[in-house]
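In mature numbering (1 follows the signal peptide of the UniProt record, and there is no 0), the protein residues as written are -19 to -1, 1 to 248. A short write-up of the structure that comes next.
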Amino acid sequence: MKKLLSLFFALALVLTSCSNDESSSTEDSSSEDNSVLPKTISYTYPDIILGTNSISTNTYNGNKIISSVKNDSKTVFTYDGDIIVKQEQFDINELGNEIKSAEVEYRYENGKLKTRIFKEDIRPAYPDGEYIEKIVYIHSSSLISYINYNVNKNTKEEVKNSEGTLTYKDGNLIKEVQISGSSTRTRTYEYDTKHNPLKNILGFDLLLNEITAFGKNNVIKTTSVLSDFPTQANYVTTYVYNDSDYPTKRTSLSGGGSVEYEVEYTY
């Protein structure tokens, strides 16, 4: 699945809250401070091969995220009431001009995400994007199933690309299964008991695994198994927390234990 929210967590995948656990992603305690929001999110990579260092600055209206800006790009969010219905990504050139390059549209049914349409490489020749992807979600009491379609840029014909399931518990994604052809990838996630830095952004809890590393808590271990190569891979994530139990630093380690990237948050 392509993700537009790379400004938050560009690698691999994680989470959110939803289905019958959607309501659990909001705090039950009236004393919980829901005003804590990340103002900046900085990525640092030890090797340029692994990624490019960046810092995103976020703007809010209350708990609604309005935009997130990096040096060369900007993402703008559109709400309908309290739900996010669109993201638009703009490239920023050397003159400071913003040029739309991608967007994601969300449609809901009974308060839950029903379809997600991703459009990439938007330009005059392809105003709807050269690459289009559509995901349809089916909610049940125990898990969420999805079907991923590639959409022809000219005819708009939809061709099934992959399918999968998402399993949630206590506001966190604990298992993700993706089937593509004869290959199946299964990821399971373990969490700490601290606050996720994005948990208070309104509408994020409905976007399912659109946003990597989103949940009620923080992923501390990811286990990945690919059916073609059944050797299990384990990835560990460590955190430094502030006095309010929100992460100020996140370090992601490879299966071999080396640092893949670090994320720092200011609130």
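Think of the CB as a built atom: it goes at the ideal place given N, C-alpha and C, for glycine as much as any other residue.
Asked: How is the beta strand (DSSP E) around Asn129 delimited, first residue to last?; Found: Ile125 to Val132
Asked: Just the C-alpha distance for Thr212 and Thr232, rounded to the nearest angstrom, thanks.; Found: 24 angstroms
Asked: Compute the distance between the beta-carbons of Val221 and Ile201, then report whether it is under 8 angstroms.; Found: no
Asked: Looking at the secondary structure, which residues open and close the beta strand (DSSP E) in which Asp72 lies?; Found: Ile64 to Ile73
Asked: According to the neighbour-count rule (16 or more other Cβ atoms, all chains shown, within 10 Å of its Cβ), is Leu179 buried or exposed?; Found: buried
Asked: Can you give me the C-alpha to C-alpha distance between Thr7 and Asp151, rounded to a whole angstrom?; Found: At Thr7 the pLDDT is 38, less than 50, meaning the model places this residue with poor confidence; the figure from the coordinates comes in the next sentence. Taking the straight line from one Cα to the other gives about 10 angstroms.
Asked: Where does Leu179 sit, in a helix, a strand or coil, going by DSSP?; Found: coil
Asked: Using the rule of at least 16 other Cβ atoms within 10 Å of the residue's Cβ for burial, across every protein chain shown, is Asn198 buried or exposed?; Found: buried
Asked: How big is the Cα-Cα spacing for Ser164 and Glu90?; Found: 30 angstroms
Asked: Helix, strand or coil for Glu241 per DSSP?; Found: strand
Asked: If you run the structure through DSSP and keep just helix, strand and coil, what is Leu234?; Found: strand
Asked: Do Val85 and Lys67 count as a contact pair if the criterion is CB distance below 8 angstroms?; Found: yes
Asked: Just the Cα atoms here: how many angstroms apart are Asn131 and Arg166?; Found: 19 angstroms
Asked: Under 7 angstroms Cβ to Cβ from Thr40, same chain only, skipping five residues before and after it: list those, please.; Found: Ile47 and Ser48
Asked: Identify the residues that DSSP records as bridge partners of Ala83: which are they?; Found: Gln70 and Glu101
Asked: Got a sec, what are the start and stop residues for the beta strand (DSSP E) Phe210 sits in?; Found: Phe210 to Tyr222
Asked: Along the beta strand (DSSP E) that carries Ile119, what are the first and last residues, could you check?; Found: Tyr112 to His120
Asked: Take Glu101 as the anchor and find which of Ser143, Glu139 and Gln70 has the nearest alpha-carbon.; Found: Gln70
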